[in-house]
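Report on the structure given below.
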Amino acid sequence: MEILEELKILGSCRIQDLARRLDVSEETIRRNVRSLAEQGIVRKVHGGVYLAEAVQEPTFSQRMNVNPDAKRRVAAAVAARIRNGDSLILDIGSTTAFVARALRNHHDLFVVTNSIAVAQSLATRNNNRVFMAGGELRPHDAGAFGREAINFVRQFNVQHAILSAAAIDATTGFMLFDMQEAEFSREIMRRSNHVLVAADSSKFGGLAPIRIAPPEDVDLLITDAAPPADLQDFLKQANVAVEIASDVPAPDMSE
-16 MEILEELKIL GSCRIQDLAR RLDVSEETIR RNVRSLAEQG IVRKVHGGVY LAEAVQEPTF
44 SQRMNVNPDA KRRVAAAVAA RIRNGDSLIL DIGSTTAFVA RALRNHHDLF VVTNSIAVAQ
104 SLATRNNNRV FMAGGELRPH DAGAFGREAI NFVRQFNVQH AILSAAAIDA TTGFMLFDMQ
164 EAEFSREIMR RSNHVLVAAD SSKFGGLAPI RIAPPEDVDL LITDAAPPAD LQDFLKQANV
224 AVEIASDVPA PDMSE
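All residue numbers for the sequence shown refer to our numbering, where the first residue is -16 and numbers rise by one.
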């Protein structure tokens, strides 16, 4: 039951992460996962597990509370690559919200986003210019989507697109749960000179129903731990560079 409760929150998870979260051995997790898989309740993938009926990810507020230290490390590594005065588009992901917090000491940024969380972190400070996509805000994540948002971002050409991902595997690549989010991600990739995905290692081996784009369209993945060997090979073949965030304790980015 504890495994199922974790998967209801996370959607999918690696075996070693479940063992750590529940403070039991990996073998204990594997034994219980085998039993759940035989009942058709979960499905096993290489090194991980997900709910058989999982077709939606947790809410934005829930995702902000999942692996926050890892997301802070990833965000700090992303921010270290951004220079004062750079132009960038950030999506609605929870990791992207951490990136926006990590950028709060930068100045003169040119920021395009469809995320209220990103806009609140970076607008009206340090001479930044923040452009917020229009359209109806979704209640579960305060993100703007639809034709208005797509047409809005088509006006821009920026240096960096900073994207999140719900899952990354060695077969499909970078995935999301939501069609509108994937459509928005594809558009901002077209409007950027450099595409960066910020994702913590809990996304490795996970599954989600919608591929964002061919992995070759991504220039860099910044994460908190080395991907498994099969995923490393997959990313290398797609010419996706991988940067591992420092093991130095993550800075406090709370409001």
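Every residue gets a Cβ at the ideal spot worked out from N, C-alpha and C, and that includes glycine.
- Per DSSP, M158 forms a beta bridge with which residues? Locating residue 158 in the sequence shown gives position 175, where the first residue counts as 1. A150, R194.
- Task: Starting from I72, trace the beta strand (DSSP E) both ways and give me its first and last residue.
- Result: Locating residue 72 in the sequence shown gives position 89, where the first residue counts as 1. It spans 70 to 73 - the beta strand (DSSP E) in which I72 sits, taken as one unbroken run.
- Residue range of the alpha helix (DSSP H) that A58 falls in? Here residue 58 is taken as the residue at index 75 of the sequence shown, counted from 1. For A58, the enclosing alpha helix (DSSP H) starts and ends at 51 to 64.
- Whose C-beta lies closer than 8 Å to the C-beta of M162 among residues of the same chain, with five residues either side of it excluded? Taking the sequence shown and counting its residues from 1, the one referred to as residue 162 is at position 179. Correct list, in chain order: I193.
- Starting from the C-beta of Y33, find all residues in its chain whose C-beta is less than 7 Å away, skip the five residues before and the five after it, and write them out in chain order. The residue you call residue 33 lines up with position 50 of the sequence shown. Hits under 7 Å: L(-10), G(-6), S(-5), V25, R26, G189, L190.
- By how many angstroms is the C-alpha of F160 removed from the C-alpha of V38? Along the sequence shown, one-based indexing puts residue 38 at 55. Along the sequence shown, one-based indexing puts residue 160 at 177. Low confidence applies to V38: its pLDDT is 45, below 50, so where it sits in the model is not reliable, and the reading given next is rough at best. CA-to-CA, the gap between V38 and F160 works out to about 7 Å.
- Note the first and the last residue of the continuous beta strand (DSSP E) segment covering A224. For the purposes of this step, residue 224 is taken as residue 241 along the sequence shown, with counting starting at 1. It spans 224 to 227 - the beta strand (DSSP E) in which A224 sits, taken as one unbroken run.
- Would you kindly work out how many angstroms separate the C-alpha atoms of M158 and A150, rounded to a whole number? Here residue 158 refers to the residue found at position 175 when the sequence shown is read from its first residue. Here residue 150 refers to the residue found at position 167 when the sequence shown is read from its first residue. For M158 and A150, the distance between alpha carbons rounds to 5 Å.
- Residues of its chain near A165, where Cβ-Cβ distance is below 7 Å and the 5 sequence neighbours each way are ignored: Residue 165 sits at position 182 when you count from the first residue of the sequence shown. Counting only Cβ-Cβ distances below 7 Å, and skipping sequence neighbours, we find L159, I193, I195.
- Message: Need the endpoints of the beta strand (DSSP E) that V201 sits in, please.
- Response: Counting from one through the sequence shown, the residue named residue 201 turns up at place 218. No beta strand (DSSP E) holds V201; DSSP gives it neither H nor E.
- Item | Distance between F167 and V239 (C-alpha atoms, nearest Å) | Since the first residue of the chain shown is -16 and the last is 238, residue 239 is not available in this structure.
- Query: Of the choices D200, E170, G156, P197, whose alpha-carbon is the least far from that of Q215?
  - Reply: What you label residue 215 is simply residue 232 of the sequence shown in a count that begins at 1. Comparing Cα-Cα distances from Q215 to each of D200, E170, G156, P197, the minimum goes to G156.
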